Amino acid sequence: MGSGASKKTKSSKFKQNALLVSGLAAASTRSLHEAVTDITQVSQGSDSDHEQAHTKDVGVVDTPLYSTASTDMDINRQFSEESHRVSLTYTDTSSAWEQLRQGTCADIDTLPQTKFTVKKSYTPLKRQRTVDEDDNEAYDIPYDKFLGSKPLGDVKEEQTITCSLCRSDNIDNALYKCRICARHFHERCLQKIGFCQDEESLRQLHKAKTKVGWSCHECDNLNNILTEEEQVELIENFEKCDVNMDATISVEEYLDYKQKEYLALFHTPMPKEEEDLEKTKFRHMDTDGTGTIDWWEFLNYETIRLLERTRTKNALLRLLTPSEIDTAREAFSQFDLDGDGLITEVEAKKAFSRLPNKAFLIKNRTKHIMDADADNSGNVSWTEFLKQRAIVMLAARPNKAVKHLGNSAVMDTEDDMD
């Protein structure tokens with residue numbers, strides 16, 4: 001009985017050590033925090049705590065927190081938020097791993113270890129899970145047509161322009177400026193990180209040298225302004241539409257999904273008028289005119305609809321960049337003819353009357369401008385104008401701008417005034 005129990009204990013110990021060694025060796029191909037998770041889960045079943053033998057303290061190392069571990073190393077991590085340091089213990093398991101392959105089991109407790117401390121040398125990116133309640137509070141952006149990015153008076157701009165990726169200067173006018181975030185990039189640097197690889201994306205990039213402008217790889221992706229829950233919601237909706245799972249949505253798949261959704265909500269088939277509206281939405285999403293919607297087309301369109309539904313106007317204002325606010329100031333100043341910070345209906349009509357096709361613009365676009373008069377004062381203030389424009393400016397971020405329906409549909413005021 002005793003012999004059987006002893007064999008069972010040894011077998012259990014062998015399995016325990018084998019799992020530990022496997023977990024330790026896994027650090028060679030995965031990041032530190034993943035390996036720590038595996039090792040912690042295995043170690044919780046141990047009968048007693050392992051003593052750290054042959055431990056050597058090598059002091060403080062100034063390296064990134066989540067660097068890749070060396071081959072066959074054990075990592076035990078203790079992190080102090082106050083000290084911003086991480087304590088790491090590396091256990092060399094190379095000999096134990098070799099013995100394990102040969103069918104023998106090394107004593108984990110006697111393996112040599114090296115302990116050192118790592119400085120936390122960066123701030124991890126944390127995506128916002130939910131909308132911050134403070135974002136809904138009033139957000140005042142002052143209006144002054146001289147507050148834009150352009151220098152005041154005779155003051156000359158002396159800032160050295162460099163690439164945001166390689167930090168080198170703008171030699172031979174080789175940098176391209178993003179019209180949203182105002183950062184600059186080399187074409188070769190963008191290509192090194194996987195962007196601007198095809199003819200169409202290069203054509204969009206070269207628009208940075210024109211009046212149209214160009215959005216960089218980050219500003220072009222509206223996914224960056226969503227919370228985690230909102231991203232998951234859009235992914236699930238795309239998968240529901242993509243019935244045949246070919247990563248694109250046909251108009252038939254889209255209408256079938258929308259008809260089922262309508263039936264579930266209203267317990268009646270979708271009327272013809274609503275179906276026609278959904279077909280129009282589909283055409284607006286299909287920005288490249290292929291007859292199908294890919295993930296990015298779906299994402300950009302649905303992001304704007306989601307923001308309209310879930311964000312307050314104050315929250316939308318906080319998403320605008322200084323460059324976008326400058327653009328809105330320039331547009332507002334072209335309607336504010338007397339410079340008093342207010343747009344009247346008469347001023348809006350006068351501004352549109354200076355443009356081609358003025359009859360259409362005066363009749364249709366004047367109403368869009370005056371619809372921003374939230375307090376029914378008879379004029380539109382800078383704040384009211386900016387709140388109305390915020391969602392439209394966000395929709396215009398992608399290089400293939402989003403067209404969407406609703407109260408904020410197709411209000412290209414800046415384009416009209418150019």
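The opening residue of the sequence shown carries number 1 in the UniProt record's numbering; numbering runs sequentially from there. Where is the CB? At the ideal position from N, CA and C, for every residue including glycine. Keep in mind it's a predicted model, so treat the numbers as computed, not measured.
In the three-state DSSP reduction, Ser215 falls in the coil class, being neither helix nor strand. In the structure shown, Ile141 adopts coil according to DSSP, grouped into three states.
In the assembly as shown, Ala247 is an exposed residue. Its beta-carbon has fewer than 16 other beta-carbons within 10 Å. The shortest C-alpha to C-alpha distance from Gln334 to any of Arg318, Gln191 and Ser353 is the one to Ser353. Counting every other CB atom within 10 Å of its CB across the protein chains shown gives Thr292 a total of 16 or more, marking it as buried. Annotation: Leu165 is outside any alpha helix (DSSP H) and is labelled neither H nor E by DSSP. With a beta-carbon spacing of about 15 Å, Ile391 and Ile141 fall beyond the 8 Å limit used to define contacts. Pairwise C-beta distances place the stretch 195-210 in contact with the stretch 178-187, as three or more of them are shorter than 8 Å.
DSSP, reduced to helix, strand and coil, places His284 within a helical segment of the structure shown. Inside the stretch 249-296, DSSP marks whole beta strand (DSSP E) runs of 3 or more residues at positions 292-294, from first to last along the chain. Per DSSP, the continuous beta strand (DSSP E) segment holding Ser381 begins and ends at Asn379 to Ser381. The residue among Glu229, Cys178, Gln99 and Asp198 with its C-alpha nearest the C-alpha of Pro322 is Cys178. Contact between the stretch 222-240 and the stretch 296-307 is established, with three or more Cβ pairs separated by less than 8 Å. Within its own chain, the residues whose Cβ lies closer than 8 Å to the Cβ of Leu255, once the five positions on either side in sequence are excluded, are Glu275, Glu278, Lys279 and Phe282, listed in chain order. Membership of Leu337 in any alpha helix (DSSP H) is not indicated, and neither H nor E is assigned to it by DSSP. Assignment of Leu355 by DSSP, reduced to helix, strand and coil, places it in the coil class.
Taking one beta carbon from each stretch, the stretch 338-349 and the stretch 361-373 have 3 or more pairs nearer than 8 Å; the two touch. By alpha-carbon distance to Asn223, the top candidate from Trp295, Asp338 and His267 is Trp295. Taking Asp288 as reference, the option from Ala401, Asp134 and Asn170 with the minimal CA-CA separation is Ala401.
Looking from the CA of Tyr143, the closest CA among Ile193, Glu384, Cys241 and Thr160 belongs to Glu384. The DSSP-derived three-state label of Lys400 is coil. His186 is bridged by DSSP to Leu175. Setting aside the 5 residues that flank it on each side, Leu320 is surrounded in the same chain by Ala390 and Met393, each with a C-beta closer than 7 Å to its C-beta; the list follows chain order. Cβ-Cβ distances below 8 Å link Thr312 to Asp135 and Asn136 in the same chain, with the five nearest sequence neighbours on each side left out; the list follows chain order. Taking the Cα positions, Leu317 is about 7 Å away from Tyr139. Tyr262 is not a Cβ neighbour of Lys240, given a cutoff of 9 Å.
A distance below 6 Å between beta-carbons, with the five flanking residues on each side excluded, links Asn170 to the following residues of its chain, in chain order: Ile161. Cβ contact annotation for Asp338 (same chain, cutoff 6 Å, sequence separation greater than five): none. Residue range Lys313 to Leu317 is occupied by the alpha helix (DSSP H) that includes Lys313. If you compare the alpha carbons of Met285, Ser164 and Asp371 with that of Ala395, the shortest gap goes to Met285.
Residue state for Gln197 is assigned as coil, using DSSP reduced to three classes. For Cys181, there is no enclosing alpha helix (DSSP H), as DSSP gives it neither H nor E.
In the structure shown, Thr110 falls within a helical segment according to DSSP collapsed to helix, strand and coil.
Cα atoms of Ala328 and Glu273: separation of roughly 35 Å, rounded to the nearest angstrom. The C-beta distance from Leu342 to Asn399 rounds to 34 Å, too long to meet the 8 Å contact threshold. Cys196 and Cys166 do not touch by the CB rule: their CB atoms are close to 15 Å apart, not below 8 Å.
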